[in-house]
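Engineer: In my numbering, the protein residues as written are 4 to 192. C-beta atoms are modelled at their ideal positions from N, C-alpha and C, and glycine is treated no differently. Quick one: this structure, given as structure tokens, is what I'll be asking you about.
Quick look at the structure:
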């Protein structure tokens with residue numbers, strides 16, 4: 004077991020070293036925001052569990068994002084991550100992330116409301132339920148977008164909607180998604 008733990012730590016150190024090099028190279032040329040992508044979750048939970056993630060990975064994210072904030076304190080850090088990540092969203096904010104792009108289906112609206120609006124305020128760019136779009140009726144699409152906006156909207160801001168459309172979605176459903184987003188674009192509670 005000790006050998007496995009040491010191998011895990013060595014691999015993490017090597018990946019962190021590489022990422023530090025990449026971030027350091029980007030620092031002088033950053034715009035207003037910088038985006039990261041790292042699929043931390045599966046459809047049902049974190050790939051390595053919340054406690055193990057906090058022990059092994061949180062220090063790495065804190066170091067990388069800390070480099071950016073030290074260099075440019077007002078820098079906006081945007082993080083996309085697929086999978087069920089609601090358990091560590093506050094940890095990501097503690098590491099320096101300003102906007103998180105979570106998936107609706109993997110995290111569930113109730114978890115997102117609780118973690119991002121009740122326990123604390125976390126700015127999100129919500130990835131709407133792209134698995135629903137190919138099979139839903141127009142009404143179901145409007146219900147989905149409406150439920151997300153009505154549950155997560157705040158007058159102060161802090162909610163973006165991310166729409167992924169692909170070849171699996173019928174054109175009438177694509178139109179319904181865009182119509183629903185347009186309807187709720189100016190939602191005021």
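Quick check: the Cα distance between residue 136 and residue 181, rounded to an integer number of angstroms?
Structural biologist: Working through the chain shown from its first residue, we reach residue 136 at position 133. Working through the chain shown from its first residue, we reach residue 181 at position 178. So the two alpha carbons sit approximately 11 Å from each other.
Engineer: Taking the beta strand (DSSP E) that residue 40 falls in, what are its first and last residues?
Structural biologist: Within the chain shown, residue 40 is the residue found at index 37, counting from 1. Segment 36-40, the beta strand (DSSP E) holding residue 40.
Engineer: When the Cα atoms are used, what is the spatial distance from residue 93 to residue 132?
Structural biologist: Against the chain shown, residue 93 aligns to sequence position 90. Against the chain shown, residue 132 aligns to sequence position 129. So the alpha carbons of these two residues sit roughly 22 Å apart.
Engineer: Sort out for me which residues DSSP pairs residue 74 with in a bridge.
Structural biologist: The sequence position of residue 74 within the chain shown is 71, counting from 1. Bridge partners of residue 74: none, in fact.
Engineer: With a 10 Å radius around its C-beta and 16 neighbouring C-beta atoms as the bar for buried, classify residue 68 as buried or exposed.
Structural biologist: Position 65 of the chain shown, counted from the start, is the residue given in the question as residue 68. Buried: at least 16 other Cβ atoms inside 10 Å.
Engineer: Can you give me the C-alpha to C-alpha distance between residue 134 and residue 13, rounded to a whole angstrom?
Structural biologist: Mapped onto the chain shown, residue 134 falls at position 131. Mapped onto the chain shown, residue 13 falls at position 10. About 37 Å.
Engineer: Can you say whether residue 25 is buried or exposed, counting buried as having 16 or more other CB atoms within 10 angstroms of its CB?
Structural biologist: Residue numbering aside, residue 25 sits at position 22 when the chain shown is read from its first letter. That one is exposed.
Engineer: In chain order, what residues of the same chain lie with their CB nearer than 8 Å to the CB of residue 178, ignoring the 5 residues before and after it?
Structural biologist: What you label residue 178 is simply residue 175 of the chain shown in a count that begins at 1. Correct list: empty, nothing qualifies.
Engineer: Residue 18: buried (16+ other C-beta within 10 angstroms of its C-beta) or exposed?
Structural biologist: Counting from 1 along the chain shown, the entry for residue 18 is found at position 15. Exposed: under 16 other Cβ atoms inside 10 Å.
Engineer: Under the rule that 16 or more other beta-carbon atoms within 10 Å means buried, what is residue 130, buried or exposed?
Structural biologist: Indexing the chain shown from 1 puts residue 130 at position 127. Burial call: buried.
Engineer: Suppose only complete runs of 3+ residues qualify. What are the beta strand (DSSP E) ranges in the stretch 115-182, listed by chain order?
Structural biologist: Entirely contained in the stretch 115-182, the beta strand (DSSP E) runs reaching 3 residues are, in chain order, 126-130, 162-165.
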